[in-house]
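Chains as they are written, first to last, in the numbering used here: chain A, 26 to 306; chain B, 15 to 185.
Below is one structure, written out as structure tokens; comments come after it.
As structure tokens, then:
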């Protein structure tokens, strides 16, 4: 069929079977449907330009252009469906893939992304993002957490305590995301939880993005003394984004409990065979 | 003997802003990783001792450090093994455990010796041979742990579903 669906009793995720990309997420509990397109893009890192000699590097994020390029506009997909899990495996390129997973009884989508080693044979440093685009009217506002505790409202090209003269339309709107970032339109909310601290922003209305990997070729002259360039073939990074589509009213309860479970995840210990009774005496 | 001090010291060193933000030289980053890895070992012994004492069961506990890339020798090679899940959150947590296994069917029992529904899923990977992962739900009490037993019951896998893979031609 033209569409591909993975679902459980709470969530339904629909994919365009032509492009392999996520198309919409339905929260059947709250009867909410949000069109969400998600993909990977990369910023071409600046090495200094006419405006400023500042390059993008370990300390400084400074993309060479405002618009990122897509890693791919489509993904080869594989589908796995069992009683306990339904997942779509997306292969965007030789160095970028993702598994969108929905476990039985789970109220969020799990996006497990694997990025790297980032190719730099073209002599371009790259800063890779995962971006979610929706029709939500967010008026340039988005929310990020601070150390997993306080949630701060962010507004594009704006600082609450001083008058900002924005010179970096992308980097100047990036903020730390320690556990979660979200956008809302007053009724519906799209929340993305991370499993590590990342940079994130909302540079277009209804859109939010998180930086998942960087590989840079130039030192930014800010003290580290070398480019952010891993040795050998470079690093492959794997992580997870948990996506919650809900009403604004019900969002906080969901993402607070989920964020706590992420940072204090259960630890799994194995032991082969069977054991023997043990008494500390 | 178990000891959590090396890990604590490594974590203390990693409070440096360069470690937190990744703005250190590559060799320093490698050293941070080395200190952390050196701290894991004695801490795992400590956790194993604690689990043995608390569960009144002495086992050869194993921590699979590469579970995120589907590598875990114990679950991949053993016919029988136990999975102990510890929950550091102050409320009961329901979670799906996912372990790389060899091909076959598996029988999972919960701490009350009741059977637990489980699936073996095929993981499409870039290697030619498929990988299999055992999936089963666990329920772990607040600030506590649960132990599940897993037994391989057959070499063939009739649970796995077929993969729908459609190569795409770029438009």
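Built from N, CA and C at the ideal position, the CB exists for glycine as well.
- Task: Taking residue 86 of chain B as the query, report the chain A residues whose CB atoms sit under 8 Å from its CB, ordered along the chain.
- Result: Indexing the second chain from 1 puts residue 86 of chain B at position 72. Ordered by position in chain A, the residues that pass the 8 Å Cβ test against residue 86 of chain B are 295.
- Task: Give, in chain order, every residue of the stretch 40 to 71 of chain B whose Cβ lies closer than 8 Å to some Cβ of chain A.
- Result: 40, 61, 62, 65, 66, 67, 69, 70, 71
- Task: Let me know if residue 91 of chain B comes out buried or exposed under the rule of 16 or more other beta-carbons within 10 Å of its beta-carbon.
- Result: Sequence index remark: in the second chain, residue 91 of chain B carries index 77 (1-based). Residue 91 of chain B comes out exposed.
- Query: What are the boundary residues of the alpha helix (DSSP H) that includes residue 44 of chain B?
  - Reply: Locating residue 44 of chain B in the second chain gives position 30, where the first residue counts as 1. 40 to 69 is the span of the alpha helix (DSSP H), which, as asked, contains residue 44 of chain B.
- Query: Any C-beta of chain B sitting closer than 8 Å to the C-beta of residue 291 of chain A?
  - Reply: For the purposes of this step, residue 291 of chain A is taken as the residue at position 266 of the first chain. It does: the Cβ of residue 291 of chain A has a partner Cβ on chain B nearer than 8 Å.
- Task: Select from A/50, A/163, A/182 the residue whose C-alpha is nearest the C-alpha of residue 28 of chain A.
- Result: One-based indexing of the first chain puts residue 28 of chain A at position 3. Per the Cα distances, A/50.
- With burial defined as no fewer than 16 other Cβ atoms inside 10 Å of the residue's Cβ, what is the status of residue 150 of chain A: buried or exposed? If you number the first chain from 1, residue 150 of chain A lands on position 125. With 16 or more other Cβ atoms within 10 Å, it is buried.
- Item | Distance, residue 39 of chain A Cα to residue 180 of chain A Cα | As a working mapping, residue 180 of chain A is identified with position 155 in the first chain. As a working mapping, residue 39 of chain A is identified with position 14 in the first chain. The straight-line gap from Cα to Cα measures roughly 31 Å.
- Message: Could you give the first and the last residue of the continuous beta strand (DSSP E) run that contains residue 209 of chain A?
- Response: Looking up residue 209 of chain A in the first chain gives position 184. 205 to 209 is the extent of the beta strand (DSSP E) around residue 209 of chain A.
- If we cut at 8 Å on Cβ distances, does residue 10 of chain A have a partner in chain B? The requested residue 10 of chain A does not occur in the structure, where chain A is confined to residues 26 to 306.
- Item | Given residue 150 of chain B as reference, the closest of B/34, B/74, B/99, B/88 once Cα atoms are compared | Counted from its first residue, the second chain places residue 150 of chain B at position 136. The option with the nearest alpha carbon to residue 150 of chain B is B/99.
- Query: How should residue 156 of chain B be labelled, buried or exposed, when 16 other C-beta atoms within 10 angstroms of its C-beta is the threshold for buried?
  - Reply: Translated into positions along the second chain, residue 156 of chain B becomes position 142. Result: exposed.
- Message: Looking only at its chain, what residues have a beta carbon closer than 7 Å to the beta carbon of residue 93 of chain A, apart from the 5 residues adjacent to it on each side?
- Response: Stepping through the first chain from its first residue, residue 93 of chain A is reached at position 68. Only 66, 67, 68, 154 meet the Cβ criterion.
- Message: Can you list, in chain order, the residues of its chain with a C-beta nearer than 7 Å to that of residue 72 of chain B? Leave out the 5 residues immediately preceding and following it.
- Response: As a first step, residue 72 of chain B is located in the second chain; it is residue number 58 there, counting from the start. Result list for residue 72 of chain B: 66, in chain order.
- Item | Short CB-CB distance (under 8 Å) between residue 120 of chain B and chain A | To locate residue 120 of chain B, count along the second chain from 1; it is residue 106. So, not an interface residue.
- Message: Just verifying my parser: in three-state terms, what is the DSSP assignment at residue 46 of chain A?
- Response: As a position in the first chain, residue 46 of chain A is number 21, starting the count at 1. Looking at residue 46 of chain A - three-state DSSP - the assignment turns out to be coil, as it is neither helix nor strand.
- Query: From the DSSP output, which residues share a beta bridge with residue 75 of chain B?
  - Reply: Indexing the second chain from 1 puts residue 75 of chain B at position 61. Residue 75 of chain B pairs with nothing; no bridge assigned.
- Query: In whole angstroms, what is the alpha-carbon distance linking residue 216 of chain A and residue 17 of chain B?
  - Reply: Sequence index remark: in the first chain, residue 216 of chain A carries index 191 (1-based). Sequence index remark: in the second chain, residue 17 of chain B carries index 3 (1-based). Roughly 39 Å between the two C-alpha positions.
- Query: Out of curiosity, what's the CA-to-CA distance linking residue 107 of chain B and residue 84 of chain A?
  - Reply: Looking up residue 107 of chain B in the second chain gives position 93. Looking up residue 84 of chain A in the first chain gives position 59. Each residue's Cα considered, the two are about 38 Å apart.
- Determine, using beta-carbon pairs with one atom in the stretch 161 to 170 of chain A and one in the stretch 237 to 252 of chain A, whether at least three such pairs fall under 8 Å. Contact fails: fewer than three Cβ-Cβ distances are below 8 Å.
- Item | Extent of the continuous beta strand (DSSP E) run through residue 179 of chain A | Taking the first chain and counting its residues from 1, the one referred to as residue 179 of chain A is at position 154. Segment 175 to 180, the beta strand (DSSP E) holding residue 179 of chain A.
- Query: So what's residue 128 of chain B in DSSP terms, helix, strand or just coil?
  - Reply: As a first step, residue 128 of chain B is located in the second chain; it is residue number 114 there, counting from the start. It is coil, neither helix nor strand.
- Query: residue 23 of chain B lies in the alpha helix (DSSP H); which residues open and close that run?
  - Reply: Numbered from 1 along the second chain, position 9 holds the residue referred to as residue 23 of chain B. For residue 23 of chain B, the enclosing alpha helix (DSSP H) starts and ends at 19 to 27.
- Could you work out which residue in A/240, A/33, A/269, A/285 is closest to residue 203 of chain A when comparing CA atoms only? Residue numbering aside, residue 203 of chain A sits at position 178 when the first chain is read from its first letter. Residue A/285 is the option with its Cα nearest to residue 203 of chain A.
- Query: residue 21 of chain B CB to nearest chain A CB: under 8 Å?
  - Reply: Translated into the one-based positions of the second chain, residue 21 of chain B becomes position 7. Closer than 8 Å: no.
- Segment contact flag, the stretch 73 to 81 of chain B with the stretch 23 to 33 of chain B, C-beta cutoff 8 Å, min 3 pairs: no
- Task: Check the C-beta distance from residue 138 of chain B over to residue 109 of chain A and give it rounded, since I have them as a contact under 8 Å.
- Result: For the purposes of this step, residue 138 of chain B is taken as residue 124 along the second chain, with counting starting at 1. For the purposes of this step, residue 109 of chain A is taken as residue 84 along the first chain, with counting starting at 1. In this structure residue 138 of chain B is not in contact with residue 109 of chain A, their Cβ atoms being roughly 18 Å apart against a cut-off of 8 Å.
- Query: Cβ atoms of residue 134 of chain B and residue 146 of chain B: under 8 Å apart, would you say?
  - Reply: Here the question's residue 146 of chain B lines up with position 132 in the second chain. Here the question's residue 134 of chain B lines up with position 120 in the second chain. Yes, they are a contact pair.
- Query: If you count every other CB in all the chains shown that lies within 10 Å of the CB of residue 184 of chain A, and 16 or more means buried, which is it?
  - Reply: Taking the first chain and counting its residues from 1, the one referred to as residue 184 of chain A is at position 159. With fewer than 16 other Cβ atoms within 10 Å, it is exposed.
- If you measure from the beta carbon of residue 266 of chain A to each beta carbon in chain B, is any gap under 8 Å? Taking the first chain and counting its residues from 1, the one referred to as residue 266 of chain A is at position 241. Cβ-Cβ to chain B under 8 Å: no for residue 266 of chain A.
- Query: So, does the CB of residue 141 of chain A fall closer than 8 Å to a CB anywhere in chain B?
  - Reply: Within the first chain, residue 141 of chain A is the residue found at index 116, counting from 1. For residue 141 of chain A, the nearest beta carbon of chain B is not closer than 8 Å to its own beta carbon.
- Query: Taking the alpha carbon of residue 102 of chain B as the point to measure from, which residue in A/193, A/291, A/237, A/117 has its own alpha carbon closest?
  - Reply: Within the second chain, the letter at position 88 stands for residue 102 of chain B. Restricting attention to A/193, A/291, A/237, A/117, the CA atom closest to the CA of residue 102 of chain B is found in A/291.
- Task: Using a Cβ cut-off of 9 Å, pull out every chain B residue sitting near residue 251 of chain A, in sequence order please.
- Result: Position 226 of the first chain, counted from the start, is the residue given in the question as residue 251 of chain A. Chain B residues near residue 251 of chain A: 39, 40.
- Query: Mapping DSSP to helix, strand and coil, what is residue 246 of chain A?
  - Reply: For this step, residue 246 of chain A is matched to residue 221 along the first chain. Residue state, collapsed to three classes: coil.
- chain A contacts made by the stretch 144 to 155 of chain B, where a contact means CB separation under 9 Å: 149, 150, 151, 152, 154
- Message: Suppose the cutoff is 8 Å on Cβ atoms and the five residues either side in sequence are ignored; what does the same chain contact list for residue 283 of chain A look like?
- Response: Position 258 of the first chain, counted from the start, is the residue given in the question as residue 283 of chain A. These residues qualify, in order along the chain: 133, 218, 267, 269.
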